[in-house]
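Student: The structure under discussion is supplied below as structure tokens; questions concerning it will follow.
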Amino acid sequence: MAKGKVIPDARVKEIQPAITGVVRHIYVDDGQRVNAGNVLMVLDSTQAEADLTKTEASRAESMLAIIRAKALLDAQISGHVPEMKVSDGLSQADVNATSRFADGIFMEYKDKLNRADAELTQHRDELATTLQDIERLKSTAPLAREQANSYKLLAKDHYVARNDYLDKEQTALGQEHDLTAKRSHANELKAAIDAQIAEKASVGSQFRREQLDALEQAEQKLKQSVEDEVKAKTRKQLLNLVSPVSGTVQQLSVHTIGGVVTSAQKVMEIVPDDAMEVEVNIANKDIGFIKEGQNATVKIDAFPYTYYGYIKGNVISVSNDAVQDRNHGLNFTARVHLDKSGIEAGGRWIKLTPGMTVSAEIKTGKRNVWQYFFDPLIRMSNESLHER
């Protein structure tokens, strides 16, 4: 018969908050049984909820920015007003507001294009008129010069008045000057047209670049927002201390609503339903017969076995070194896992608690009936043969 006590096994779960917080609810008491997943304690979630709301808003804002940028890029190609492709999780009000904003951006872009087109048309019309004037002057200017030269000869021989010659010379010079000026202006208009075409292309490329940049930034922000949202949700969930297993609450150390618990502080333990063991002392003379896997019968001292029965178990470990006991000398220890963690008493189930004293009988093997009678005689005979 080996004496010992009930101990919790290594599977006892310590309940510790992952983050420091203020206690808002305590749902359990010492000795209360809980199921896996039951909420044991809740810490204040005000800041966590605010952080979660902020990340959700950031995610929605990023999604709207992505939708807006894509709609504007499509609108640039089609030339039609932007069409928003709505995603799940966005409010219709936010979508409508974003759509109006996109319409405004697109209208501003179209206005720039229209102004560029108007200036381009004006320059082209003016160039066409100028080229017509050049063609006309290319025909009339030589004639005016020829007429002026003729009048010069006639005036020299006094066939015409000198003033008539000077009038013709003035007309010829005027047309020659106009032709030069028109040609210069035509070159200026051509340069202006080229510049306006480049400006129009620049408006389009700048608009596309701005939307692509906005799209890239929004996608990066969305990725970060999703990561932040996951962290915020995890943080909020960590404020609910949940039982990882079905078992019994023990060593509840927090009882004050509004009190502060710190990260990794042990606030209670959950002893699993099947997680009780006994640790018994094995006498030096018996240790050679004890090994892992042997069956055991455990009697709880608080509940006389003749009335309440016993609990079955099996040896799960045997110590390699002896421990000095003040009353019994050197003893070895063995751990016995119990098949159940309580006992039926008085019509109710009573949970075993660490520290209860026990007596354990470990089955070391089977003996035949004749061995019960002859083993003592054989032992006495062997001992007498060794006496002097």
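Counted from 1, the sequence shown has number 1471 at position 27 by the working numbering; the numbering is strictly sequential.
Ideal Cβ placement from N, Cα and C applies to all residues, glycine included.
1) With distances taken from CA atoms, which of Val1450, Ser1669, Glu1721 and Arg1652 is nearest aspartate 1518?
2) Tell me which residue opens and which closes the alpha helix (DSSP H) that isoleucine 1641 is part of.
3) Can you tell which of Gly1773, Val1802, Glu1590 and Asn1771 has the C-alpha that lies nearest to the C-alpha of glycine 1448?
4) Please confirm whether valine 1450 and valine 1722 have their CB atoms less than 8 Å apart.
5) Check the C-beta distance from methionine 1712 over to glutamine 1738 and give it rounded, since I have them as a contact under 8 Å.
6) Leaving out the 5 sequence neighbours to the left and right, which residues in its chain are closer than 7 Å to histidine 1469 when beta-carbon positions are compared?
7) Am I right that alanine 1513 and glutamine 1655 are in contact with their C-beta atoms under 8 Å? What's the rounded C-beta distance?
8) Pull up the distance between the alpha-carbon of lysine 1529 and that of aspartate 1488, whole angstroms please.
9) Nearest CA to the CA of tyrosine 1609: which residue from Ser1628, Ala1658, Ala1625 and Leu1598?
10) Answer yes or no: do valine 1674 and glycine 1465 have a C-beta to C-beta separation smaller than 8 Å?
11) With DSSP as the reference, please indicate the residues paired to proline 1716 in a beta bridge.
12) Mind checking which residues open and close the beta strand (DSSP E) that includes glutamate 1527?
13) Could you tell me the alpha carbon to alpha carbon distance between serine 1646 and lysine 1554, rounded to whole angstroms?
14) At which residues does the beta strand (DSSP E) containing methionine 1485 begin and terminate?
15) Report the rounded CA-to-CA distance for valine 1483 versus glycine 1475, giving the unit in angstroms.
16) I'd like to confirm the pairing. Which residues does DSSP put opposite threonine 1574 in its beta bridges?
17) Select from Gly1548, Met1551, Leu1508 and Asn1558 the residue whose C-alpha is nearest the C-alpha of glutamine 1536.
18) Distance, Cα to Cα, arginine 1559 vs glycine 1548?
19) So what does DSSP say about arginine 1811, is it helix, strand or coil?
20) Sorry if obvious, but does the Cβ on alanine 1658 come closer than 7 Å to a heavy atom of the ligand SAM?
21) Of the residues Ala1494, Asn1725, Ile1744 and Asn1593, which one's Cα is nearest the Cα of glutamine 1768?
Tutor: The relevant details are as follows:
1) The residue labelled residue 1518 in the question sits at position 74 within the sequence shown. With distances taken between Cα atoms, aspartate 1518 lies closest to Arg1652.
2) Locating residue 1641 in the sequence shown gives position 197, where the first residue counts as 1. Taken as a continuous stretch (DSSP letters only), the alpha helix (DSSP H) holding isoleucine 1641 covers 1606-1682.
3) Position 4 of the sequence shown, counted from the first residue, corresponds to residue 1448. Minimum Cα distance to glycine 1448 is reached at Val1802.
4) The sequence position of residue 1450 within the sequence shown is 6, counting from 1. The sequence position of residue 1722 within the sequence shown is 278, counting from 1. For valine 1450 and valine 1722, yes; Cβs fall inside 8 Å.
5) By one-based count along the sequence shown, residue 1712 stands at place 268. By one-based count along the sequence shown, residue 1738 stands at place 294. 34 Å between Cβ atoms; not a contact.
6) Taking the first residue of the sequence shown as position 1, residue 1469 is located at position 25. Excluding positions up to five away in sequence, the list reads Met1485 and Val1486.
7) Your numbering for residue 1513 matches position 69 in the sequence shown. Your numbering for residue 1655 matches position 211 in the sequence shown. Indeed they touch by this definition, with Cβ atoms about 5 Å apart.
8) The sequence position of residue 1529 within the sequence shown is 85, counting from 1. The sequence position of residue 1488 within the sequence shown is 44, counting from 1. Their Cα atoms are separated by approximately 39 Å.
9) In the sequence shown, residue 1609 corresponds to position 165, counting from 1. Answer by Cα proximity: Leu1598.
10) Reading the sequence shown from its first residue, position 230 is the one you call residue 1674. Reading the sequence shown from its first residue, position 21 is the one you call residue 1465. It is not a contact, given that the beta carbons lie outside the stated cut-off.
11) By one-based count along the sequence shown, residue 1716 stands at place 272. DSSP output for proline 1716 lists Gly1691 as bridge partner(s).
12) The count along the sequence shown starts at 1 and reaches residue 1527 at position 83. Run containing glutamate 1527: none; DSSP gives neither H nor E here.
13) As a working mapping, residue 1646 is identified with position 202 in the sequence shown. As a working mapping, residue 1554 is identified with position 110 in the sequence shown. Their backbone Cα atoms lie some 13 Å apart in a straight line.
14) What you label residue 1485 is simply residue 41 of the sequence shown in a count that begins at 1. Where methionine 1485 is concerned, the enclosing beta strand (DSSP E) stretches over 1483-1487.
15) As a working note, residue 1483 is residue 39 in the sequence shown. As a working note, residue 1475 is residue 31 in the sequence shown. So the alpha carbons of these two residues sit roughly 15 Å apart.
16) As a first step, residue 1574 must be located in the sequence shown, where it is residue number 130. Looking at the DSSP assignment, threonine 1574 forms no beta bridge with any residue, so it has no partner.
17) Here residue 1536 refers to the residue found at position 92 when the sequence shown is read from its first residue. Of Gly1548, Met1551, Leu1508 and Asn1558, the residue nearest in Cα terms is Leu1508.
18) Mapped onto the sequence shown, residue 1559 falls at position 115. Mapped onto the sequence shown, residue 1548 falls at position 104. About 16 Å.
19) Against the sequence shown, residue 1811 aligns to sequence position 367. Per-residue confidence for arginine 1811 stands at a pLDDT of 49, beneath the threshold of 50, marking its modelled position as unreliable; the derived number appears in the next sentence. Arginine 1811: coil per DSSP, three-state reduction.
20) Of the ligands one can find in the structure shown there are none, so the ligand SAM has no counterpart to examine.
21) Start at 1 with the first residue of the sequence shown, and residue 1768 comes out as number 324. It is Asn1725 whose Cα lies nearest to the Cα of glutamine 1768.
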